[in-house]
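Written below as structure tokens is the structure these notes are about.
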Amino acid sequence: MPPKRKNDAIIQAEDVGMEVDATLDSGSEDEARRRSKNRRAKAQRKTKQVSDDEDDEEDEDEAPRKRGRRKRTKPQDSDQDDEEDKRRVRQKGAKAPRRKAANEERDEESEEDQGKRKKGGRAPSKQEKEDQNKERKGNVKGKDETNKGSEKDKKKKNGKQSSSPASSSEDESEDESDEESMSEGEIAALKEQVEEKKKLIATLRNKPWRMKRRLVLLKEAQEFVEKFEGALGKGRGKKLYAFKVMMTKVLMGLPYGSIPRKTVPRSEQDTAMDFSVLFDFGGYCKYSILFYGYYNNERNIGVLKFRLPLSYLLTGVGIFGYSLMVVIRTMARNANEGGDGGDEGEFTFSWKMFTSWDYLIGNPETADNKYASITTSFKESIVDEKENQKDENIHLQRFLRILANIMILCCLGGSGYLIYFVVKRSQDFAKMDPASLTWFQKNEVEFVMSLLGLVCPPLFETIAELEDYHPRIALKWQLGRIFALFLGNLYTFLFALFDEVNDKLETEQELKNATEWAIHEYNANYSSYYNTMDVPPLVVNPADAVRGPCWETAVGIEFVKLIVSDMQVTFLTILIGDFARAIIVRFLNYCWCWDLEAGFPSYAEFDISGNVLGLIFNQGMIWMGAFYAPGLVGLNVLRLLTSMYFQCWAVMACNVPHERVFKASRSNNFYMGLLLLVLFLSLLPVVYTIMTLPPSFDCGPFSGQDRMYDVVMETITQDLPAFIGTIFTYATNPGLIMPAVLLMVLAIYYLNTVSKGYQQANLDLKKKMKMARDEEKNRRNNKDSTNQVMKDLEDLLPNKSLIPPPTEEEPPHDIVIEKGGKSTKMKPGSAGKGVNLQKEVSLAATNPRGPVAHPPRARGGPPGHLRGPLPGPGRGRGRGAPPRT
Amino acid sequence: MQTAHIEFDCTYFTRKEILLFYRYRDLAPQLVPLDYTNHPDVKLPYELIGSMPELKDNPFRQRIAEVFSEDGEGNMTLDDFLDMFSVLSEMAPRDLKAYYAFKIYFNNDDFICKSDLEKTLNKLTRNELTEDEVRMVCEKVIDEADLDNDGRLSLEDFQHMIVRAPDFL
Chain S
1 MPPKRKNDAI IQAEDVGMEV DATLDSGSED EARRRSKNRR AKAQRKTKQV SDDEDDEEDE
61 DEAPRKRGRR KRTKPQDSDQ DDEEDKRRVR QKGAKAPRRK AANEERDEES EEDQGKRKKG
121 GRAPSKQEKE DQNKERKGNV KGKDETNKGS EKDKKKKNGK QSSSPASSSE DESEDESDEE
181 SMSEGEIAAL KEQVEEKKKL IATLRNKPWR MKRRLVLLKE AQEFVEKFEG ALGKGRGKKL
241 YAFKVMMTKV LMGLPYGSIP RKTVPRSEQD TAMDFSVLFD FGGYCKYSIL FYGYYNNERN
301 IGVLKFRLPL SYLLTGVGIF GYSLMVVIRT MARNANEGGD GGDEGEFTFS WKMFTSWDYL
361 IGNPETADNK YASITTSFKE SIVDEKENQK DENIHLQRFL RILANIMILC CLGGSGYLIY
421 FVVKRSQDFA KMDPASLTWF QKNEVEFVMS LLGLVCPPLF ETIAELEDYH PRIALKWQLG
481 RIFALFLGNL YTFLFALFDE VNDKLETEQE LKNATEWAIH EYNANYSSYY NTMDVPPLVV
541 NPADAVRGPC WETAVGIEFV KLIVSDMQVT FLTILIGDFA RAIIVRFLNY CWCWDLEAGF
601 PSYAEFDISG NVLGLIFNQG MIWMGAFYAP GLVGLNVLRL LTSMYFQCWA VMACNVPHER
661 VFKASRSNNF YMGLLLLVLF LSLLPVVYTI MTLPPSFDCG PFSGQDRMYD VVMETITQDL
721 PAFIGTIFTY ATNPGLIMPA VLLMVLAIYY LNTVSKGYQQ ANLDLKKKMK MARDEEKNRR
781 NNKDSTNQVM KDLEDLLPNK SLIPPPTEEE PPHDIVIEKG GKSTKMKPGS AGKGVNLQKE
841 VSLAATNPRG PVAHPPRARG GPPGHLRGPL PGPGRGRGRG APPRT
Chain F
1001 MQTAHIEFDC TYFTRKEILL FYRYRDLAPQ LVPLDYTNHP DVKLPYELIG SMPELKDNPF
1061 RQRIAEVFSE DGEGNMTLDD FLDMFSVLSE MAPRDLKAYY AFKIYFNNDD FICKSDLEKT
1121 LNKLTRNELT EDEVRMVCEK VIDEADLDND GRLSLEDFQH MIVRAPDFL
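In the order they appear, the protein sequences are chains S and F. Taken in order, the first sequence gives residues 1 to 885; the numbers are from this note's numbering. Taken in order, the second sequence gives residues 1001 to 1169; the numbers are from this note's numbering.
Now the structure itself:
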């Protein structure tokens, strides 16, 4: 056994070595190889003598595998050698005769080998082993040989020797063919080989070879692994493939065309591939995985027993749960981080002035941005400040605000009605022949909705001028109004859609009855005609089957169309409103009466808040539509990606910053709040349909059920242990739910109260701090005005040299203390008495906030080991602060 | 590099960063000798200092160079140079930074007065603000930070204000 193992190792090394040697062709290595071969041969001979029988048994196990492996390796080697070594062989032509003998030997062997291979790895024996042995020996020589042989083959000199290349070429073809039709054993062998190569790649670093050799080896091994790994098991390729199969088989169930819901009806088949039809998501699109109707209601699919209906429902609901969680969490984090702490507002301008520059900026472009940002922030603060100082006619203002709100409400109502009207009309249109409709009539709803989205926001902005709010508040109002507009439109659209759904449900019911009746008739006729009760089921081509309107898919299509039209409008607006405008402004400016860039049209502004709002709205539509059109999510990802790059380009190329200088980021939680609202509002209709509307009877994963959530019930009763069902029954009991809700309400109330209390405390503390500061200021002023000595000292002190020796500094200290003490005469009890004075000093020292004659923060000068000049002593130096110099 | 050991103790640099000397020398290889044992009197003009990538986009580069140079003109010796980098480095304490920041912002007296503020503001915003706005901002700054109501900011006022700033590191 042990010698055998060693053998194996050597063989491996040899296998590996040979490939490289072929390219390197260094004589010394050749020799080493030969030596090792001898050694191995000797060892083998010994082994054979000693444990013939044992080996035989073992060989039976190992030989086939090894052989199989070798079978793969060898052809490869010879292939490569064929290509690489031809030149070399020609050079070595002189040596060829010497090897002829070996050549013949090798030929015999290869023939034998072939014969055995055909036997399929059986009957390994001593001879077999010898064969291997020799074969390997021959392999080395044989390589040159093969090449030589191929040369000879070309020349057609020697028929017998041509068998060698023939065998190799046979191997080659085998090798190629097994890529296509790998039998199991071959796959196993290939796998093993791939494994081996991988191991080689991993351990290559440790091998004591030259770099060149290593590189060549590595490259070969990598190529090999890459080539075969994907095709056969292990590895990413296989997993991906398995995943694909799983996805298609498991998630979709039966393929297209197998059942009616996955087949385009006969009447539509002619136009199913027309672009206009596809673009309206009819035809093949309608019966694809994009939409609800495609999914089958089979309870379990495949070996994994994938429960498609259940997971469809749970996914749909889970998306909402997850989104809610994410939004809430983000909001909570924002609220924590926002922390409008106490110091905010105290030094707004000073901080902006002195700390806004980032000293790490080392890039002109960044610097430009920073300048702009600083300017913006200053402007923002200035506007803020001005607004604070404003004081105007409150009655007029109130009147104007009410007026503005009324106008805006009118706008909102009007737009809602318009949409309702249009949707209603579109339902009438839908009943007419599609060929007789104009493009506008077909797309009226989307068109009107987009138009409203375009026109209304600027209108609101104009109206909002009346209100004269602080810009930041005005911005919020504006956003809230646009939001209300979008949402109102969406909901009107939804209600109109529900009407349609109800219509469809009715027609569906009729259809269902008719179908049942027809089947009944068929059965009756059949049995009476053939006089048998054993009626074969009616076989109908899926394309010809009678089918209901499938309202879920219809709703999904509406949403997808809405998203697509929204996208079109966005892109068109950017192209026309931004790009075309920018071009006109830029180039017509050369020959125009007034300055276009600075004057009227100017460049378009980038409306951050509007865009964010658009995103939120878009997300709401996804939330609503994803249940009926699962493909909508993928579509939206595409849309967001393209729109990101497109808008990025537009912003960089043709927009100017918004004139309203308020950063949108500050109202972070405002947007998140909107998002939460949208999430909630889009949750409603979906949950409503899940709980109340009956699903279509012939399409979608819930067909056949009374309600969609029945799937859950079914799972609980059929697949879960009984006690879980009991628990569930209890949990859904109104008697339990009501108290739970009550408890939650109470908890919310309590927490709300607590948070209000904290807020109040915060405010109080802030106020206190401000008062303390004011007091401090006043004290200082008094002191400043009264304490002439201090002033004199101040005049003395500012040493322009900036390195005052500490000894010089000491006396003023004392004086300062004394004078300071005197200066605070108004403080009863502290006047003139040394002890009290000391006390006061120490008090002042311990209390950094102490107001009396004390700098707000005792500045220790720069640390002693500082090389730079020391700062001039400030007035407030000393006074309890230990001289740190 | 004999000086390296000295500078090591005097600045907030690790031994590695002491190689700043080479940065200094790279600014003007023809001016700065490699051998500093004899303390040669070499100064790099402001033009060279201000063109360093760390400073070239900084609106206050001139002031920085002036503050840290011994002659107040922005011409720097090696010592000044090291000093500057030391103070601007991450390790320097906030107090020290505040002190130098103060020096950067005032002009000639030891106080930041309105004209200094105006200059600073104009540098920061590249004169984008109108005069009214500038005046207003400066008034606000004085109003906020001036604790002793003398109409200008002393070092003490400045430090009081700046060490509380969240962005001041």
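Virtual Cβ for every residue (Gly too), placed ideally from N, Cα, C. Here the structure is a predicted model, which is why all the values come from computation and not from measurement.
| Item | Value |
| --- | --- |
| Can you list, in chain order, the residues of its chain with a C-beta nearer than 7 Å to that of residue 397/S? Leave out the 5 residues immediately preceding and following it. | 468 |
| Beta carbon of residue 295/S, beta carbon of residue 549/S: below 8 Å? | no |
| In angstroms, rounded to a whole number, what distance separates the CA positions of residue 669/S and residue 596/S? | 38 Å |
| Please work out which residues of its chain come closer than 7 Å, Cβ to Cβ, to residue 555/S, disregarding the five sequence neighbours upstream and downstream, and give them in chain order. | 497, 501 and 628 |
| Let me know the secondary structure DSSP gives residue 567/S once reduced to three states. | helix |
| How far does the alpha helix (DSSP H) with residue 886/S in it extend, from its first residue to its last? | Because chain S spans 1 through 885 in this model, residue 886/S falls outside it and cannot be assessed. |
| Check whether the stretch 476-484 of chain S touches the stretch 500-519 of chain S, taking contact to mean three or more Cβ pairs, one atom from each stretch, closer than 8 Å. | no |
| With distances taken Cα to Cα, identify the nearest neighbour of residue 319/S among 716/S, 633/S and 771/S. | 633/S |
| What first and last residue would you give for the alpha helix (DSSP H) that runs through residue 1095/F? | 1094-1105 |
| For a contact meaning CB atoms closer than 9 Å, what does residue 1061/F contact in chain S? | Those within 9 Å of residue 1061/F in chain S number zero; the least Cβ separation is about 10 Å. |
| Inspect the beta-carbon positions of residue 370/S and residue 382/S and report whether they are closer than 8 Å. | no |
| Beta-carbon of residue 373/S versus every beta-carbon of chain F: anything under 8 Å? | no |
| Could you have a look at residue 1160/F and say whether DSSP puts it in helix, strand or coil? | helix |
| How many Å lie between residue 1154/F and residue 354/S at the Cα? | 14 Å |
| Does any residue of chain S have a CB that is nearer than 8 Å to the CB of residue 1042/F? | no |
| By the three-class DSSP mapping on this structure, what secondary structure does residue 353/S have? | helix |
| Does the beta carbon of residue 364/S sit closer than 8 Å to a beta carbon anywhere in chain F? | yes |
| By the 9 Å beta-carbon criterion, what residues does the stretch 383-397 of chain S contribute toward chain F? | 385 and 386 |
| Of all the options 607/S, 589/S, 608/S and 606/S, which has the alpha carbon lying nearest to the alpha carbon of residue 599/S? | 589/S |
| In angstroms, rounded to a whole number, what distance separates the CA positions of residue 342/S and residue 761/S? | Low confidence applies here, because residue 342/S scores a pLDDT of 42, under 50, leaving its location unreliable; read the following figure in that light. The straight-line gap from Cα to Cα measures roughly 11 Å. |
| Along the stretch 1101-1112 of chain F, where does the CB come closer than 7 Å to a CB of chain S? Name the residues. | 1101, 1105 and 1110 |
| Does any residue of chain F have a CB that is nearer than 8 Å to the CB of residue 367/S? | yes |
| Suppose the cutoff is 6 Å on Cβ atoms and the five residues either side in sequence are ignored; what does the same chain contact list for residue 1164/F look like? | none |
| Does any residue of chain F bring its CB to less than 8 Å from the CB of residue 349/S? | yes |
| Please list the terminal residues of the continuous alpha helix (DSSP H) segment that includes residue 1079/F. | 1078-1088 |
| Mind listing the chain S neighbours of residue 1140/F? Cutoff is C-beta to C-beta under 7 Å, in chain order. | 349 and 385 |
| Rounded to whole angstroms, what is the Cα-Cα separation between residue 1158/F and residue 652/S? | 39 Å |
| Keeping to the same chain, check which residues put their C-beta closer than 6 Å to that of residue 617/S; ignore five residues upstream and five downstream. | 486 |
| In whole angstroms, what is the alpha-carbon distance linking residue 678/S and residue 466/S? | 28 Å |
| Of the residues 764/S, 299/S, 646/S and 643/S, which one's Cα is nearest the Cα of residue 703/S? | 299/S |
| Using a Cβ-Cβ cutoff of less than 8 Å, which residues in the same chain neighbour residue 201/S once the five nearest sequence positions on both sides are dropped? | 218, 221, 222 and 225 |
| Should residue 559/S be counted as a contact of the ligand HEM given a C-beta to heavy atom distance under 7 Å? | Summarising the ligand content, the structure contains no ligands, and the ligand HEM is consequently not present. |
| Where DSSP assigns a beta bridge to residue 656/S, which residues make up the other side? | 605/S |
| Using only alpha-carbon positions, find the residue among 557/S, 307/S and 513/S that is nearest to residue 887/S. | In the structure as shown, chain S begins at 1 and stops at 885. Residue 887/S is therefore absent and cannot be evaluated. |
| Using beta carbons (cut-off 8 Å, strictly below), is residue 1057/F in contact with chain S? | yes |
| Strictly under 8 Å for the Cβ-Cβ distance: is residue 359/S near chain F by that measure? | yes |
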